[in-house]
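Residue numbers (my numbering): 6 to 424. Reading through the structure tokens given below for one structure.
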Ligand SMILES: Cc1cc2nc3c(=O)[nH]c(=O)nc-3n(C[C@H](O)[C@H](O)[C@H](O)COP(=O)(O)OP(=O)(O)OC[C@H]3O[C@@H](n4cnc5c(N)ncnc54)[C@H](O)[C@@H]3O)c2cc1C
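Following this line, the structure appears as structure tokens:
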């Protein structure tokens with residue numbers, strides 16, 4: 006083996022933009038492979054991105070991601086390696102309510118459960134047929150999966166299951182089935198994840214999920230509070246300019262929003278046209294103290310429609326002995342924070358409670374995804390074909406799916422395939 010060539014490769018100066026789950030997973034995978042010269046640029050004052058844990062009244066709460074599933078192997082491995090504890094999520098504490106009345110919906114009948122189980126079996130066959138969705142990335146997406154999931158569910162007679170899927174999908178901010186390509190839903194509900202949900206092998210991090218990324222980041226060079234004003238790529242190197250000056254690198258990994266990178270990147274025509282097609286959901290987290298409502302989590306399926314945008318779709322009660330809840334809504338343009346608070350307060354009132362304090366309202370530029378048309382046009386294959394061009398690689402939730410597990414898995418896979 007030519008050791009000097011290997012040393013040269015492992016000594017490459019690598020710049021990673023973004024210290025969220027994807028950027029830190031990539032940095033960790035590179036380090037594990039023996040790369041020694043990695044610098045992560047993060048514009049915020051903390052790492053973790055959408056993994057965001059805050060303290061309210063002395064307890065920790067998640068404003069962003071909260072749970073990981075048993076099959077999120079990259080994240081679970083990191084938690085083990087960095088000695089970050091996980092606990093099983095308590096199940097059976099959730100209720101579905103009607104958004105108009107605040108009343109709990111009737112539980113499933115035995116007959117409905119049997120129908121659902123039959124549809125799970127049909128879905129099992131579909132996940133096998135479209136098993137490529139279980140692999141990292143959205144390349145080679147079958148054209149049959151580019152139609153909206155509502156249509157796909159109708160075609161395959163799994164509409165009861167789709168209603169059940171909506172709880173963890175639209176309830177968790179991933180837009181409405183009428184406008185989301187089926188590929189995203191099959192990716193999120195890949196068979197191993199669905200099994201983990203059914204077997205209740207779902208975890209939360211008792212010290213907060215941000216804590217995991219803080220622990221991973223401690224093993225790396227991370228430049229917090231750093232704004233990139235320009236990145237220029239030449240035939241031999243990458244120049245990154247921040248408020249601290251310009252630094253030279255050999256390789257660039259963009260692990261932050263790709264459309265936003267167009268603001269500072271000397272983007273090619275391909276990069277411009279591909280990244281500008283990414284769209285988002287305005288998913289909002291409202292943390293508040295409430296008196297008088299049920300202990301546990303809740304879903305509001307009647308609000309899973311664009312007509313009810315701004316109304317809560319889900320709420321979470323993290324600590325049974327505290328009165329702080331987080332409410333979640335898919336907002337629409339034109340809705341103010343006052344509108345969102347009114348809708349949340351109104352629902353709480355209908356459920357017999359009162360909101361005593363609103364601690365924070367956080368808008369997330371959430372679930373980067375593309376339309377059916379862009380997916381059908383092969384957008385992800387085109388992004389894959391330019392991976393590595395101009396010394397640049399692209400990772401992050403937009404290239405797989407917006408969960409911690411899937412963003413990390415994609416980043417880990419890219420490093421293992423291409424470095
Ligand atoms: C309310 C909410 C609930 C969620 N619930 C769950 C859940 O329960 N389970 C789950 O698995 N997932 C959940 N998610 C999704 C999950 O958090 C994300 O999909 C995942 O964390 C995305 O990781 P990422 O690294 O791709 O992107 P991000 O987390 O967005 O990280 C990108 C990083 O890049 C930084 N950055 C951006 N621009 C620049 C720049 N110009 N220069 C330097 N740095 C920059 C950002 O500050 C950020 O730190 C939730 C998200 C939200 C918001």
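Virtual Cβ for every residue (Gly too), placed ideally from N, Cα, C.
Fill in: Through-space distance from residue 159 to residue 117, alpha-carbon basis
17 Å
Discussion item. Ignoring anything shorter than 4 residues, give me the alpha helix (DSSP H) runs that lie fully in the stretch 173-214, in order along the chain.
Written reply: 187-193 and 196-203
Item to complete: For the stretch 20-31 and the stretch 251-267, state whether three or more C-beta atom pairs, one from each stretch, are separated by less than 8 Å.
Response: yes
Discussion item. 7 Å is my cut-off, CB to CB: does residue 398 come that close to chain B?
Written reply: Going by chain labels, chain B is absent from the structure shown, which holds only one protein chain.
Practice prompt. State the beta-bridge partners of residue 99 as determined by DSSP.
Written response: Answer by DSSP bridge pairing, in chain order: 302.
Fill in: the stretch 32-52 contacting the stretch 226-233, beta-carbon criterion three pairs below 8 Å
yes
Item to complete: For the beta strand (DSSP E) containing residue 368, list its first residue and its last residue.
Response: 359-374
Worksheet item: Relative to the C-alpha of residue 315, which residue among 180, 106 and 70 is closest?
Response: 180
Practice prompt. Could you spell out where the beta strand (DSSP E) holding residue 333 opens and where it closes?
Written response: Per DSSP, residue 333 is one residue of the beta strand (DSSP E) stretching across 329-336.
Fill in: Exposed unless 16 or more other CB atoms sit within 10 angstroms - verdict on residue 195
buried
Item to complete: List the DSSP bridge partners of residue 228.
Response: 46
Worksheet item: Is it the case that the Cβ atoms of residue 417 and residue 411 are separated by a distance below 7 Å?
Response: no
Discussion item. Quick check: what's the CA-CA separation for residue 361 versus residue 294?
Written reply: Residue 361 and residue 294: Cα-Cα distance of roughly 6 Å.
Fill in: Distance between beta carbons of residue 334 and residue 348, contact taken as under 8 Å
That pair is a contact at about 7 Å.
Worksheet item: Secondary structure at residue 37, three-state DSSP: helix, strand or coil?
Response: helix
Worksheet entry | Own chain, CB closer than 7 Å to residue 128, minus 5 neighbours either side, in chain order | 163 and 166
Worksheet item: Nearest to residue 425 by CA position, among 198, 192 and 395, is which residue?
Response: The chain is shown only over 6 to 424; residue 425 falls outside these bounds and no answer can be derived.
Fill in: DSSP-derived helix/strand/coil call for residue 388
Correct three-state label for residue 388: helix.
Worksheet item: What does DSSP give as the partner residues of residue 244 in its beta bridges?
Response: 237 and 253
Practice prompt. Please confirm whether any heavy atom of ligand 1 lies closer than 6 Å to the CB of residue 320.
Written response: no
Item to complete: Figure out for me which residue from 397, 424 and 28 has the closest Cα to the Cα of residue 272.
Response: 397
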